[in-house]
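Worksheet for the structure shown next.
Protein chains: 4
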Amino acid sequence: MRKYKAAILGATGMVGQKFIQMLSQHEWFKITSLAASERRIGKFYGDEVDWKVSANIPEEVKDIEMLPMDPKAIDADIVFSALPSDTARKVEGEFASHGFVVASNASAYRMEEDVPLVIPEVNPEHLALIEIQKKNRGWDGFIVTNPNCTAIMLVISLKPLMDLGLKNVKVATMQALSGAGYPGVPSLAITDNIIPFIKGEEDKVENEPLKLLGKFNGEKIEFAPISVSASCHRVPVIDGHTEAVWAGFDKDVSVEEVIEAFNSLRPLDLPTSPEKVIIVRKEPDRPQPRFDRDEGNGMSVSVGRIRKDSSSTIKYIVMGHNTVRGAAGASILNAELMIKEKLI
Amino acid sequence: MRKYKAAILGATGMVGQKFIQMLSQHEWFKITSLAASERRIGKFYGDEVDWKVSANIPEEVKDIEMLPMDPKAIDADIVFSALPSDTARKVEGEFASHGFVVASNASAYRMEEDVPLVIPEVNPEHLALIEIQKKNRGWDGFIVTNPNCTAIMLVISLKPLMDLGLKNVKVATMQALSGAGYPGVPSLAITDNIIPFIKGEEDKVENEPLKLLGKFNGEKIEFAPISVSASCHRVPVIDGHTEAVWAGFDKDVSVEEVIEAFNSLRPLDLPTSPEKVIIVRKEPDRPQPRFDRDEGNGMSVSVGRIRKDSSSTIKYIVMGHNTVRGAAGASILNAELMIKEKLI
Amino acid sequence: MRKYKAAILGATGMVGQKFIQMLSQHEWFKITSLAASERRIGKFYGDEVDWKVSANIPEEVKDIEMLPMDPKAIDADIVFSALPSDTARKVEGEFASHGFVVASNASAYRMEEDVPLVIPEVNPEHLALIEIQKKNRGWDGFIVTNPNCTAIMLVISLKPLMDLGLKNVKVATMQALSGAGYPGVPSLAITDNIIPFIKGEEDKVENEPLKLLGKFNGEKIEFAPISVSASCHRVPVIDGHTEAVWAGFDKDVSVEEVIEAFNSLRPLDLPTSPEKVIIVRKEPDRPQPRFDRDEGNGMSVSVGRIRKDSSSTIKYIVMGHNTVRGAAGASILNAELMIKEKLI
Amino acid sequence: MRKYKAAILGATGMVGQKFIQMLSQHEWFKITSLAASERRIGKFYGDEVDWKVSANIPEEVKDIEMLPMDPKAIDADIVFSALPSDTARKVEGEFASHGFVVASNASAYRMEEDVPLVIPEVNPEHLALIEIQKKNRGWDGFIVTNPNCTAIMLVISLKPLMDLGLKNVKVATMQALSGAGYPGVPSLAITDNIIPFIKGEEDKVENEPLKLLGKFNGEKIEFAPISVSASCHRVPVIDGHTEAVWAGFDKDVSVEEVIEAFNSLRPLDLPTSPEKVIIVRKEPDRPQPRFDRDEGNGMSVSVGRIRKDSSSTIKYIVMGHNTVRGAAGASILNAELMIKEKLI
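Quick note, the sequences are listed as chains G, E, Y and W, same order.
If you number the first sequence the way our numbering does, the last residue is 351 and the count never jumps.
If you number the second sequence the way our numbering does, the last residue is 351 and the count never jumps.
If you number the third sequence the way our numbering does, the last residue is 351 and the count never jumps.
If you number the fourth sequence the way our numbering does, the last residue is 351 and the count never jumps.
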């Protein structure tokens with residue numbers, strides 16, 4: 008099989024590095040272009056990056072010369088974006104308007120009416136928005152986004168609960184340090200400490216699920232008729248967001264029904280798909296980020312402590328790897344889905 | 008003023024050490040007896056304890072000989088109990104039946120109908136149960152308990168909300184390591200990790216508030232007509248329990264009303280009382296355990312991030328020092344209240 | 008190739024778990040027996056172990072019934088010992104006397120005159136002691152030991168320096184939590200802290216290298232004519248011992264000579280051998296445990312910051328995975344060497 | 008007593024905050040001016056600082072307007088400098104030339120021949136360089152410096168050893184996060200990790216002691232005839248540098264002599280002086296940063312594990328609070344000494 012040429016925008020940051028790590032050994036993609044901010048252009052990636060996701064930078068990217076974030080400078084079949092939101096709005100739009108397929112981890116376009124916000128196992132049919140987006144905007148290319156790193160774990164666990172009559176959700180998060188990028192959270196701020204605040208996070212966690220779990224009616228996404236309330240907190244954990252969930256239903260629901268629902272979410276036949284989308288742990292004290300975040304190469308989401316609150320409310324814990332399933336892996340899985348659906 | 012003679016049961020554990028630290032410099036109490044388990048009897052406290060709450064053991068307790076947990080062996084005006092729950096049931100009862108006043112941090116008697124479960128600023132009137140307890144049980148002495156270390160922070164913040172029409176509460180906790188005692192949580196279990204489970208904790212956090220916020224009707228406590236649902240988690244923080252709270256009311260409530268209510272909770276005129284019972288932080292990212300746990304010498308509770316969820320639900324964070332306000336300091340404040348009320 | 012039957016003594020501890028993890032996917036061995044202390048006998052391994060080295064216990068050991076540590080109860084070609092030193096003395100001797108080959112990670116027999124203390128890349132010829140041991144003790148089997156987890160990293164780095172005229176060594180260690188086993192170091196003891204003491208450790212680090220780097224003269228090991236002085240400290244790191252070394256020579260030595268020597272240490276052709284025994288890092292701030300401990304599947308040792316002190320002293324940092332290269336992996340590599348040398 | 012007017016240069020950084028914390032409750036000083044970089048001038052300190060050294064900014068500095076680092080803008084009897092080294096060279100010189108007394112924690116002038124590098128308990132007589140400095144440079148004011156935060160702990164412990172015949176020192180450090188300032192070390196870099204490198208540190212630790220322990224011969228400092236070799240490492244500890252020391256003597260020295268020497272170092276009669284300069288711990292596993300760093304309000308240095316290496320070498324651990332005794336407190340103690348010596 009020929010490999011698709013992949014460019015990465017924002018290649019030196021934490022998520023950019025994770026993209027490189029995952030794509031450098033990917034059977035469908037080869038990394039051909041790395042784009043970064045002005046001051047790095049023309050320099051070698053290996054000299055510029057402060058590599059923090061493993062012991063060694065993959066050899067094949069060390070000597071790649073950094074390119075500007077300009078559609079004319081890039082040759083690629085797909086562009087992965089690890090840009091911060093403000094830069095993303097401008098740059099991703101330019102790439103799409105110049106005919107590129109952009110798989111974006113940035114929040115800039117996620118909630119736009121004509122931009123798919125997709126988790127392949129949850130709402131692949133939302134890719135139908137692509138045609139509408141291209142028409143609306145007169146773009147030759149298009150943008151497909153994946154959710155916020157906290158919202159994605161939650162939504163993967165909520166999807167199978169929709170048929171049980173899910174109505175409202177409360178979620179308290181304990182989010183990993185890598186979610187703040189690098190250098191991110193100072194060690195002096197978080198050692199022997201909790202920071203009960205993450206800027207902009209609660210808004211994303213409360214709103215993205217409504218779109219993700221919504222229905223495409225042929226024209227647009229009708230948001231899911233549920234409410235989500237979030238309280239977001241940073242904890243001294245390297246990778247892996249842990250979330251305590253109260254799921255409220257419109258009727259009595261049993262723990263067994265919930266477990267069965269979780270187990271029913273099927274993986275897709277894509278290279279980055281995990282064998283199990285949701286792993287249900289039965290131990291009283293799992294999932295735990297250090298032990299469970301690498302399940303399914305970081306693409307599985309683990310749940311546990313599924314227990315009854317009131318008759319119509321179930322409590323549980325959901326945990327997943329925030330820079331894999333919650334960022335780079337999410338974009339890559341979206342790209343794989345688009346290839347399978349012949350959209351690339 | 009003469010000093011009251013204080014005995015400590017379970018003196019070598021984490022909470023026992025905290026009792027010693029707080030009582031060794033207390034203006035009303037002097038430590039006269041330290042009781043511990045069988046194998047330590049007759050040995051010097053300084054030789055037996057693995058002192059972990061500060062640099063040095065207070066000089067005055069180093070050479071105290073450990074006594075058996077036997078009412079006949081102890082001479083004291085008040086007995087502070089830092090015993091584990093199973094031992095507490097038997098030992099505390101024996102002391103009370105032999106005429107001792109027992110201020111207990113253990114959970115054994117907290118939910119007994121005739122035993123006061125008290126936070127001085129919240130429900131001092133519940134001490135009226137003492138007479139009923141003595142009569143019921145034919146005891147010369149009596150037991151007064153303080154709440155679980157997580158429940159107490161929560162309840163101190165809920166008390167002022169009762170008049171606003173509080174109906175239901177959801178709370179997700181991020182609890183400190185010291186709450187598990189010593190040696191407690193292995194470093195290999197919690198480094199770069201979260202443990203989303205604490206045995207028996209959710210039950211206490213869900214039930215104790217109903218009694219604490221209940222009304223004494225002359226015979227017994229009528230539980231408060233609210234519901235509490237908890238999800239409890241251990242985090243890598245030394246001291247200070249952080250709790251994310253959703254407070255649901257029977258009507259629309261504003262953030263300003265809640266702040267005003269928090270500020271209205273008055274300290275008592277007792278030696279261990281903090282200047283402010285509740286400290287309202289206005290910074291977007293506070294309270295944080297490392298910075299706020301020592302406020303009011305560990306006896307103040309800090310709240311922050313008070314924000315509207317839906318019209319009748321308010322979200323906020325509450326945090327307090329679990330071994331001070333949540334354990335030893337709670338018992339000591341109860342003892343001070345009893346002295347003021349001439350119950351000792 | 009047929010697989011050798013492997014038994015593990017002390018299978019539920021930290022090192023025992025690491026043995027299981029490494030052997031469960033080993034091409035030469037299959038785990039046939041797991042032995043543990045009295046109270047676990049007859050129970051299933053999966054029910055008894057508090058598995059802490061990865062997300063899931065390997066399926067194939069879950070239902071193994073635990074056996075007594077009795078040579079008559081065990082059927083194996085090789086016995087791996089993860090026992091604590093005191094138990095090891097008695098039990099390992101019994102197994103060897105009953106004809107078993109024991110590859111031991113315990114310290115009990117390491118410094119015995121007729122027991123090989125071996126690192127395959129350093130002193131494979133010391134296996135010649137086996138014959139002497141069997142004759143001396145009248146044993147049908149024999150014991151081969153691997154070094155202390157701190158000594159082994161140091162000695163692997165010192166071996167190539169012997170030819171440069173190494174005379175004396177000072178080493179300050181920063182040792183990982185897993186070195187203390189499970190539960191081991193309490194989180195309350197080590198969070199935001201360093202413990203500058205590890206019981207018995209300095210003695211091992213100062214003495215084992217003299218034997219490891221010594222010469223077998225046909226009868227016994229002549230200790231290497233060098234001196235080692237150690238200061239050992241516990242740090243809040245999960246895995247990976249970091250060691251700051253001063254290597255003093257009998258003549259002027261250059262940084263280049265030292266690097267060349269490090270690079271000259273060749274791996275053996277054994278399944279667990281890493282591609283590089285010593286990895287020389289050129290970055291100014293490496294090696295670091297979190298990033299470098301898994302190099303060579305945990306069997307490579309990383310060095311860095313090689314710099315001149317005085318004309319005849321070189322300073323450097325050496326770091327390796329203490330439960331892999333420093334424990335289970337060390338024993339397994341020894342076993343592989345023995346198979347290759349037809350000693351099993 | 009009238010209070011001396013104190014200005015702080017670099018008031019918003021970590022050490023600047025520590026200066027404010029210590030001076031805001033000081034009996035001899037009152038804070039009158041806070042100077043900071045260009046962009047902060049004219050703004051209120053309370054609005055600009057990201058206060059990280061305690062729960063609350065001292066009330067009295069909240070509304071101080073930040074001033075430029077310009078001698079003409081500042082009214083003060085003494086100027087405390089918490090500037091980074093490069094800025095310090097220019098700014099401190101300007102202040103001194105304009106008649107100010109500068110007590111500097113910066114490294115810029117420490118090793119200048121005519122600038123005193125002083126620890127009051129170690130080499131107060133070096134203040135005699137002030138006159139030479141003023142003459143040499145034609146300044147009306149002068150600069151007095153305190154050592155690097157790692158060197159100062161070491162030198163306080165070495166001073167009493169000089170009379171025993173100290174010749175050479177090897178020191179391996181485990182340095183706290185606060186030594187790198189704020190934001191300083193990213194949490195992602197140091198969680199579950201050690202960084203075996205601190206830029207420029209080893210050079211300071213190897214050279215400053217020679218000057219500090221040197222003799223003033225009426226004209227200049229004759230460096231002490233000892234050698235120091237350092238290996239410096241960053242560890243996940245908030246405050247408190249731990250150092251493993253090998254002290255080599257020109258003759259046989261006993262542990263008892265060393266302990267006696269440590270105990271003989273007398274505190275000065277100054278407000279910030281601790282009761283004991285060196286605290287000798289007898290426990291096998293002390294000093295530890297979390298438990299011992301606040302001894303003497305952070306001004307005591309703790310030693311322990313004093314043990315014989317070879318006949319003429321003693322090993323021990325020394326630990327002290329790096330932002331108190333190692334930075335702000337060091338400058339303040341120097342200022343107190345200068346007041347006592349009527350140099351201010």
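Glycine included, C-beta positions come from ideal geometry on N, C-alpha and C.
Does the stretch 108-119 of chain E come close enough to the stretch 65-76 of chain E that 3 or more CB-CB pairs lie under 8 Å?
Contact between the stretch 65-76 of chain E and the stretch 108-119 of chain E is absent, with fewer than three C-beta pairs closer than 8 Å.
Report the residue ranges of all beta strand (DSSP E) runs contained in full by the stretch 82-108 of chain G; include only those spanning at least 3 residues, in chain order.
85-88
So, are the CB atoms of W/THR152 and W/GLU208 less than 8 Å apart?
no
Compute the Euclidean distance between the alpha carbons of G/GLU229 and G/PHE223, then round it to the nearest angstrom.
Between G/GLU229 and G/PHE223, the C-alpha separation is close to 6 Å.
Can you list the residues of chain W that G/GLY191 reaches, using a CB-CB cut of under 8 Å?
Near G/GLY191 (Cβ distances below 8 Å), the residues of chain W are PRO193, SER194, LEU195.
Let me check understanding here. Comparing Cα to Cα, which of E/TYR189, E/LEU277, E/LEU165 lies closest to E/ALA254?
E/LEU165
From this set, Y/VAL192, Y/THR198, Y/LEU219, which residue's C-alpha is nearest Y/LYS206's C-alpha?
Y/VAL192
For G/SER88 and E/ASN200, I'd like the C-alpha separation in whole angstroms.
29 Å
Scan the stretch 98-161 of chain Y and note each continuous alpha helix (DSSP H) run of 4 residues or more that stays entirely inside, going in chain order.
136-144
Which chain Y residues sit within Cβ distance under 7 Å of E/ILE245?
LEU195, THR198, ASP199
Use the C-beta contact count for Y/GLN295: other C-beta atoms within 10 angstroms, 16 or more gives buried, fewer gives exposed.
buried
Does DSSP classify G/ASN63 as helix, strand or coil?
coil
Return the first residue and the last residue of the alpha helix (DSSP H) that Y/PHE269 is part of.
Counting along the chain, Y/PHE269 sits inside the alpha helix (DSSP H) bounded by residues 262-271.
Decide if E/ASP121 is buried, meaning its Cβ has at least 16 other Cβ atoms within 10 Å, or exposed.
buried
Could you work out which residues of chain G lie near E/LYS315, taking near to mean beta carbons separated by less than 7 Å?
What E/LYS315 touches in chain G: nothing, since even the nearest Cβ is about 10 Å away.
Please return the same chain residues whose Cβ sits closer than 7 Å to the Cβ of W/TYR52, not counting the five positions on each side in sequence.
ALA18, LEU41, VAL68, LYS69, ILE71, MET73
State the CB to CB distance for the pair G/PRO154 and G/LEU124, rounded to an integer number of angstroms; the pair is presumed to be in contact (CB under 8 Å).
6 Å
Does DSSP put E/TYR52 in a helix, a strand or coil?
helix
Which of helix, strand or coil does DSSP assign to G/ARG314?
strand
Does the CB of G/ASP301 have a neighbour CB from chain Y at under 8 Å?
Under the 8 Å criterion on CB atoms, G/ASP301 is classed as interfacial with respect to chain Y.
Using C-beta distances below 6 Å, list every residue in its chain close to W/ASP147, excluding the 5 sequence neighbours before and after it, in chain order.
Excluding five sequence positions before and after W/ASP147, the CB atoms of its chain that fall closer than 6 Å to its own CB belong to GLY106, given in chain order.
Does the stretch 233-246 of chain E touch the stretch 182-198 of chain E, meaning 3 or more C-beta pairs lie closer than 8 Å?
yes
Compile a chain-ordered list of the residues in the stretch 313-342 of chain G whose CB is closer than 9 Å to at least one CB of chain Y.
none
Am I right that Y/PRO203 and W/ALA251 are in contact with their C-beta atoms under 8 Å? What's the rounded C-beta distance?
7 Å
Look at the Cβ atom of W/THR279, then the Cβ atom of W/GLU343, and state whether they are nearer than 8 Å.
yes
Would you please verify whether the beta carbon of G/ALA62 is less than 8 Å from any beta carbon of chain A?
Judged by its chain identifiers, the structure shown contains no chain A, and its protein chains are G, E, Y and W.
So, using beta-carbon positions, are E/ASP82 and E/ILE351 closer together than 8 Å?
no
Mark Y/GLY49 as exposed unless 16 or more other C-beta atoms lie within 10 angstroms of its C-beta, in which case mark it buried.
exposed
So does the stretch 320-329 of chain E actually touch the stretch 304-312 of chain E, counting three or more Cβ pairs closer than 8 Å?
yes
Pick out whichever of W/ILE15, W/LYS10, W/LYS141, W/VAL60 has its Cα sitting closest to the Cα of W/HIS33.
W/LYS10
If I measure Cβ to Cβ from W/ARG47 and keep anything under 6 Å in the same chain, skipping five residues before and after, which residues do I get?
Excluding positions up to five away in sequence, the list reads GLU55, MET73.
Looking at G/ARG332 and G/ILE137, is the spacing between their C-beta atoms short of 8 Å?
no
Just to confirm, is the Cβ distance from G/LEU161 to G/VAL129 under 8 Å?
no
Using a Cβ-Cβ distance under 8 Å, would W/GLN295 count as near chain Y?
yes
How would you label E/ALA80, buried or exposed, when you count the other beta carbons within 10 angstroms and need 16 or more for buried?
Counting the other CB atoms within 10 Å of its CB gives E/ALA80 a total below 16, which places it among the exposed residues.
What are the residues that DSSP puts in a beta bridge with Y/TYR11?
Answer is Y/PHE36, bridged to Y/TYR11.
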